[in-house]
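Trainee: Dropping the structure in here first, questions after.
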Amino acid sequence: MLRARAFRQTNGKIVKIQVHPTHPWLVTADDSDHVSVWNWEHRQVIYELKAGGVDERRLVGAKLEKLAEGESDYKAKPTEAIRGGSVKQVKFYDDDVRYWQLWRNRSAAAESPSAVNHLTSAFTSPAPSTKGRHFLVICCENKAIFLDLVTMRGRDVPKQELDNKSLLCMEFLSRSSGGDGPLVAFGSTDGVIRVLSMITWKLARRYTGGHKGSIYCLMNFMASSGEALLVSGGSDGLLVLWSADHGADSRELVPKLSLKAHDGGVVAVELSRVSGSAPQLITIGADKTLAIWDTMTFKELRRIKPVPKLACHSVASWCHPRAPNLDILTCVKDSHIWSIEHPTYSALTRPLCELSSLVPPQVLATHRKLRVYCMVAHPLQPHLVATGTNVGIIVSEFDPRAIPSAAPLPALPGSRENSAIYILGRELKLLNFQLSNTANPSLGNNSALSESGLSKGDPGEQLTVKQTKKQIVAPVPHDSYSVLSVSSSGKYVAVVWPDILYFSIYKVSDWSIVDSGSARLLAWDTCRDRFAILESVLPHRMPIIPKGGSSRKAKEAAAAAAQAAAAASAASSASVQVRILLDDGTSNILMRSVGGRSEPVIGLHGGALLGIGYRTSRRISPVAATAISTIQSMPLSGFGNSNVSSFSSYDDGFSSQKSAESAPLNYQLYSWENFEPVGGMLPQPEWTAWDQTVEYCAFAYQQYMVISSLRPQYRYLGDVAIAHATGAVWHRRQLFVATPTTIECVFVDAGVSEIDIETRKMKEEMKLKEAQARAVAEHGELALITVEGSQAAKQERISLRPPMLQVVRLASFQNAPSVPPFLSLPRQSRGDSDDIMDERRVNEVAVGGGGVSVAVTRFPVEQKRPVGPLVVAGVRDGVLWLIDRYMCAHAISLNHPGIRCRCLAAYGDAVSAVKWASRLGREHHDDLAQFMLGMGYATEALHLPGISKRLEFDLAMQSNDLKRALHCLLTMSNSKDIGQDGVGLDLSDILSLTATKKEDVVEAVEGIVKFAKEFLDLIDAADATGHADIAREALKRLATAGSVKGALQGHELRGLSLRLANHGELTRLSGLVNNLISIGLGRESAFSAAVLGDNALMEKAWQDTGMLAEAVLHAHAHGRPTLKNLVQAWNKTLQKEVEKAPSSKTDAASAFLASLENRRE
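Just so we're aligned: the sequence shown equals residues 1 to 1161 in the UniProt record's numbering.
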């Protein structure tokens, strides 16, 4: 069930391990006290140091820092020169660690029905305490090392600062007073807990009187009453409870409670979140037992020996939807990760996996046996489990695509309450949830700002969710992992137990079972209440192996081989069957076997088309891996709701280790109507999502998502680099995607292409022919007789528009990045006041016109993603709803103006999007206008008040508002007063102008030249739509600029001449020719004269600009009487050019005339 995500071989035994919650970092310590930080995603070692002894590199670095800072005390021994001794614990500490530690404690406490109100309300992020630093903290016997991984500057705190007692463990306290800053508690050998301030680096307080021996472990948590508590376990076997709510004057603290937990000492303690109950504590001890304690009464709930002959050294609370019966992971010194079932199940301990299979064989060849020495489960991604062994570090991945067993139900009309169905054990339950704010905006509402100017859901005003859970009286036959999905009408809910090979269909109205049977996969149609199932023949019973004759391992191998063979035989004989649910609730079989292929079926995906994945060995190239774009028009058979119902953890041929180069063409789409194949074979997606109106679809792959449009025919739009996506839901042209670490929103628009226009015309012609055929069939040939009358020819100008895909990250695990201070750690004493100011700046709003508060950022700061795998439930009340593994609903706000405007535009309400833009800073209106243009709302985007003139011109051109386009162009070029009949650029006009007027004219000409292409485009658009007055105004300015030497390029002058002639501006064109002649532009002036039709002026243009050869040829071609004079002038020019070279005198004019006479003869 596990697979290796990353592996790093080491020389020593890894005895300590910790994982960072938001960065892919692991910190480990081996038995030689070497500490290393490893990036397990990029397989890179970030930092290494010798913590047990003296690290020479750190020592040299510290001395150089002191020299650079001007410290002259060279004789004092630096703390870096103190030997650290044995490494007892390693941890990360930064704002992310602090936030998620507090979130874990608070969410566990809020599960209790008796939890106080402030725990169940929205969780606000604590003020930043480390200001962009990422601390690596190493607890050694003789000192504690605080290393900033950003600046690589450290601080060593020797045990002399902590009463000269050896340090054995540590824990960061979640609450601290402003002056002390971050606090870290150290457990010592004398049974006293000492608290160190990371601001003053001095001892802040002590916890005394709890233990009589050494303290082995510390952990903070929160009670259901909201009180912050610290629990410690020691060598005396006691579990001691302390209050972590303290004031600045609390220096000596005594325990609240003490109880005997284990004989021989408490090794570790862990917090467990329990759904619907107060949190529990899990302890492991030297007596080889594991105990679970209630935090309300602190009574022992359970005590077991996970592995009878071995003591546990690591324990982790675990909640994964793929294994709903497991809640604890633990490790002993063997090669397994052990799992403990929940008491409501069998409460057994069994090995979750054998880690030897995840390690390269060549590594194990040098060791006798793999042994695990430490383990940690990722706090935010429960599918990741890291273990430290005698051969290295193993990061294991446990079914990362499994999502909670829940499915959203369609909302009732007129109701603000949302519902989802989920399974817990053998109980079917209903989750009702809604926003508890007094005013909840919907997508069409324009009143979502509070009086303070902050939109609902902004960091300054947190969303509060009101939710209730209700048990449904309905039979649930199994308690294993299940996959839930809802039909398109919302009348039926399907539950599949892939491990049991069983499914049930429930009718929502009374929760009765209308269909059930044997199946491994199920997929719904999006247009009707019909579904496809992958029937599963139950495997044959395993053969009974007789006693004796072989070893135990041989028997187990034979049994496993027999079971695998039986499973393979059952899988190969399975077929895809389609059934339909009628209005009376009965189920009928439509097709007993779809596809008819011989390969075993390994995937089933619903939607507007039925997708079936087959097991095949064919491999393709990376180019062919995107063969999905080769599908041509798809005959779609229905329209309706879509869901991602076909998710299954059954072997589908995908693995995180596989790449696009090895993706097989093993996926075929079929029509729900005739069950015939549609298009060719494709690479199988991990899951599919179809738009409610069947206009768009998304196919999710390991490293990317392919998005296509379906109307008027199938067209590949592109792919977005969203890797490891686990689920998504469409909301018109918005695709909300969940990944293991983020929540993304993809805004999609197909644009307009030539093939779309052709397809629409073809369909309109087909509809017209069908209508005519029906008319002939009803009324005969006379139905085709029409009376032709004068009809205005309507010419619709359809502009092409490229597809648009824009990805916006809505939520992630990380805090907003901040820049760390340049100086080193300790030299500040203002507490958290700076942090509060920084937070205010992030959430700052500016005041626009009319006193409206506007957001100053383009997009909101990323919200906090809920922990663990999620079900994307959809969009309602202006928020995105998510359901986590504990069956709690979470709301991701979409009310930041930058997001809300885009959502409204994508939803089709462009008018409201423009209204909401008043809440967005005007500097971001250009960006929003570009988005609306990509969505096809150029006309509406023109109403945005903050757009630039350049973009306003483009939008006006797109929306055929040519009058506004001309106004923008005149403003941009500063040419409103140029081109009028009374203002010219002749020599006499220029001499009569004042100096100020001359500067204005020069500036206007420069502006016209800068936007010459835009002037020409505007003229053409005006000509095409019959706006002669607009074209004439633009022509005036352009003709004025054309009179200036070097202002316009040759092709622009020729285009100007053609347009002047087309508009009948002959006088202006004649003046342009004379101006061009005067500035020496012969070719352009001659072309303009030719367009004017004046041969004499054309000849004059060539002659006056020195282009005598062209003038002679023109005079000869048109029989001009000036031919002789032109030839003589040309001859004189040639003679001047060659007079320096010795040559006999030749009458060139006579020779040329003679040659012409010979040609005539």
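Quick reminder that beta carbons are idealized off the backbone N, C-alpha and C, glycines included. Computed from a prediction, not measured in an experiment: that's the story for all the values here.
If you pair each beta-carbon of the segment 54-68 with each one of the segment 14-31, do three or more pairs fall below 8 Å?
Mentor: In short, these stretches do not touch, since the Cβ pair count stays below three.
Trainee: What do you get for ILE757, buried or exposed, if any count of 16 or more other CB atoms within 10 angstroms of its CB means buried?
Mentor: Taking the sequence shown and counting its residues from 1, one reaches residue 757 at position 757. When all chains shown are included, ILE757 counts as exposed.
Trainee: Hey, how far is the Cα of ASN960 from the Cα of PHE1015?
Mentor: Locating residue 960 in the sequence shown gives position 960, where the first residue counts as 1. Locating residue 1015 in the sequence shown gives position 1015, where the first residue counts as 1. So the two alpha carbons sit approximately 15 Å from each other.
Trainee: Identify which residue in THR586, THR130, GLN668 has its Cα closest to the Cα of GLY596.
Mentor: One-based indexing of the sequence shown puts residue 596 at position 596. Minimum Cα distance to GLY596 is reached at GLN668.
Trainee: For HIS383 and TYR937, I'd like the C-alpha separation in whole angstroms.
Mentor: Within the sequence shown, the letter at position 383 stands for residue 383. Within the sequence shown, the letter at position 937 stands for residue 937. Approximately 43 Å between the Cα atoms of the pair.
Trainee: Here's the rule: buried if 16 or more other CB atoms are within 10 angstroms of the residue's CB, otherwise exposed. What is LYS949?
Mentor: Taking the sequence shown and counting its residues from 1, the one referred to as residue 949 is at position 949. LYS949 comes out exposed.
Trainee: Apply the 10 Å Cβ neighbour rule to HIS779 and answer buried if 16 or more other Cβ atoms are within range, or exposed otherwise.
Mentor: Numbered from 1 along the sequence shown, position 779 holds the residue referred to as residue 779. Exposed: under 16 other Cβ atoms inside 10 Å.
Trainee: Just mark residue 1195 as buried or exposed, buried being the case when its beta carbon has 16 or more other beta carbons within 10 Å.
Mentor: Because the chain spans 1 through 1161 in this model, residue 1195 falls outside it and cannot be assessed.
Trainee: Measure the alpha-carbon distance for GLU252 versus TRP242 and round it to whole angstroms.
Mentor: Taking the sequence shown and counting its residues from 1, the one referred to as residue 252 is at position 252. Taking the sequence shown and counting its residues from 1, the one referred to as residue 242 is at position 242. Their backbone Cα atoms lie some 12 Å apart in a straight line.
Trainee: Give, in chain order, every unbroken run of the alpha helix (DSSP H) that is at least 4 residues long and sits entirely within the segment 9-86.
Mentor: Qualifying alpha helix (DSSP H) stretches, in chain order: 56-68.
Trainee: Taking 8 Å as the cut-off, does the segment 879-890 touch the segment 751-768 (at least 3 CB pairs, one atom from each stretch)?
Mentor: The segment 751-768, when compared against the segment 879-890, does not touch it at the 8 Å Cβ threshold.
Trainee: If I follow the unbroken beta strand (DSSP E) through ASN418, where does it start and stop?
Mentor: For the purposes of this step, residue 418 is identified with residue 418 of the sequence shown, where counting begins at 1. Segment 418-424, the beta strand (DSSP E) holding ASN418.
Trainee: Exposed or buried, HIS42, counting other C-beta atoms within 10 Å across all chains shown (16 or more means buried)?
Mentor: Within the sequence shown, the letter at position 42 stands for residue 42. Classification for HIS42: exposed.
Trainee: Indicate whether PHE1011 and LEU1048 have their beta-carbon atoms separated by less than 8 Å.
Mentor: As a first step, residue 1011 must be located in the sequence shown, where it is residue number 1011. As a first step, residue 1048 must be located in the sequence shown, where it is residue number 1048. Going by C-beta atoms, PHE1011 is not nearer than 8 Å to LEU1048.
Trainee: When you compare each of ARG520, GLN772, THR586, LYS1036 to LYS976 by their alpha carbons, which one comes out closest?
Mentor: Locating residue 976 in the sequence shown gives position 976, counting from the first residue. Comparing Cα-Cα distances from LYS976 to each of ARG520, GLN772, THR586, LYS1036, the minimum goes to LYS1036.
Trainee: Our contact map puts MET804 next to ASP719 with C-beta atoms below 8 Å; I'd like the distance itself, whole angstroms only.
Mentor: Against the sequence shown, residue 804 aligns to sequence position 804. Against the sequence shown, residue 719 aligns to sequence position 719. So it is not a contact: roughly 14 Å between Cβ atoms.
Trainee: How is THR971 classed by DSSP in three states: helix, strand or coil?
Mentor: Residue numbering aside, residue 971 sits at position 971 when the sequence shown is read from its first letter. Looking at THR971 - three-state DSSP - the assignment turns out to be helix.
Trainee: Anyone know if the C-beta pair for ALA496 and VAL729 falls short of 8 Å?
Mentor: Here residue 496 corresponds to residue number 496 of the sequence shown, with the count starting at 1. Here residue 729 corresponds to residue number 729 of the sequence shown, with the count starting at 1. The question names Ala, but residue 496 in the sequence shown is Val. No, the pair does not count as a contact, with Cβ atoms beyond the cut-off.
Trainee: Rounded to the nearest angstrom, what separates HIS1027 and ASP1020 at their Cα positions?
Mentor: As a working mapping, residue 1027 is identified with position 1027 in the sequence shown. As a working mapping, residue 1020 is identified with position 1020 in the sequence shown. Distance between the alpha carbons of HIS1027 and ASP1020 is about 10 Å.
Trainee: Where does VAL867 sit, in a helix, a strand or coil, going by DSSP?
Mentor: The residue labelled residue 867 in the question sits at position 867 within the sequence shown. In this structure, VAL867 counts as coil in the three-state DSSP scheme.
Trainee: Distance, Cα to Cα, SER405 vs SER166?
Mentor: Counted from its first residue, the sequence shown places residue 405 at position 405. Counted from its first residue, the sequence shown places residue 166 at position 166. Rounded to the nearest angstrom, the two C-alpha atoms are 48 Å apart.
Trainee: Could you say which of SER258, ASP263, ASP236 lies nearest to THR297 if we only look at CA atoms?
Mentor: Start at 1 with the first residue of the sequence shown, and residue 297 comes out as number 297. Looking at the Cα atoms, SER258 is the closest of the given residues.
Trainee: Evaluate SER114 with the Cβ neighbour count: other Cβ atoms within 10 Å of its Cβ, from every protein chain shown; 16 or more gives buried, anything less gives exposed.
Mentor: Position 114 of the sequence shown holds residue 114. Exposed: under 16 other Cβ atoms inside 10 Å.
Trainee: Whole alpha helix (DSSP H) runs in the segment 220-277 with 4 or more residues, listed along the chain?
Mentor: List check, alpha helix (DSSP H) in window: nothing returned.
Trainee: Report the CB separation of ILE500 from SER516 in whole angstroms; it is logged as a contact under 8 Å.
Mentor: Residue 500 sits at position 500 when you count from the first residue of the sequence shown. Residue 516 sits at position 516 when you count from the first residue of the sequence shown. Wrong, their Cβ atoms sit about 12 Å apart, outside the cutoff.
Trainee: Just verifying my parser: in three-state terms, what is the DSSP assignment at PHE7?
Mentor: What you label residue 7 is simply residue 7 of the sequence shown in a count that begins at 1. Note: PHE7 maps to strand in three-state DSSP.
Trainee: Residues bridged to PHE736 by DSSP?
Mentor: Start at 1 with the first residue of the sequence shown, and residue 736 comes out as number 736. Its beta-bridge partners are VAL729, CYS745.
Trainee: Under 8 Å: do the segment 520-535 and the segment 477-491 share three or more Cβ pairs, one atom per stretch?
Mentor: These segments touch.
Trainee: Out of LYS763, ILE1008, ALA108, GLN471, state which residue places its alpha-carbon closest to the alpha-carbon of GLN713.
Mentor: Position 713 of the sequence shown, counting from 1, holds the residue named residue 713. Closest by alpha carbon: LYS763.
Trainee: For residue 1167, which residues from the same chain have a beta carbon less than 8 Å from its beta carbon, with the 5 sequence-adjacent residues on both sides left out?
Mentor: The displayed coordinates of the chain run from 1 to 1161. Any statement about residue 1167 would go beyond what the structure contains.
Trainee: Which parts of the segment 870-916 are runs of the beta strand (DSSP E), unbroken and 3 residues or longer, counting only runs that do not cross its ends?
Mentor: Listed in chain order, they are 871-876, 879-883, 889-893.
Trainee: Which term fits LEU149, buried or exposed, when burial requires 16 or more other beta carbons within 10 angstroms of its beta carbon?
Mentor: Counting from one through the sequence shown, the residue named residue 149 turns up at place 149. Label assigned to LEU149: buried.
Trainee: Going residue by residue through the segment 172-220, where are the continuous beta strand (DSSP E) segments of at least 3 residues, counting only ones entirely within it?
Mentor: List check, beta strand (DSSP E) in window: 183-188, 193-197, 203-207.
Trainee: Take the Cβ of ALA1086 as the centre, count every other Cβ of all protein chains shown within 10 Å, and call the residue buried at 16 or more, exposed below.
Mentor: Here residue 1086 corresponds to residue number 1086 of the sequence shown, with the count starting at 1. Classification of ALA1086: buried, given that the 10 Å Cβ count is 16 or more.
Trainee: If you compare alpha carbons, which of LEU355, ALA1061, SER709, ASN1095 is closest to PRO802?
Mentor: Counting from 1 along the sequence shown, the entry for residue 802 is found at position 802. Here the closest residue by C-alpha is SER709.
Trainee: Report buried or exposed for VAL845, applying the criterion of at least 16 other Cβ atoms within 10 angstroms of its Cβ.
Mentor: As a position in the sequence shown, residue 845 is number 845, starting the count at 1. Bear in mind that a pLDDT of 41 at VAL845, under 50, signals an unreliable position, so the number given afterwards is only what the model happens to contain. By the neighbour-count rule (16 or more Cβ atoms within 10 Å), VAL845 is buried.
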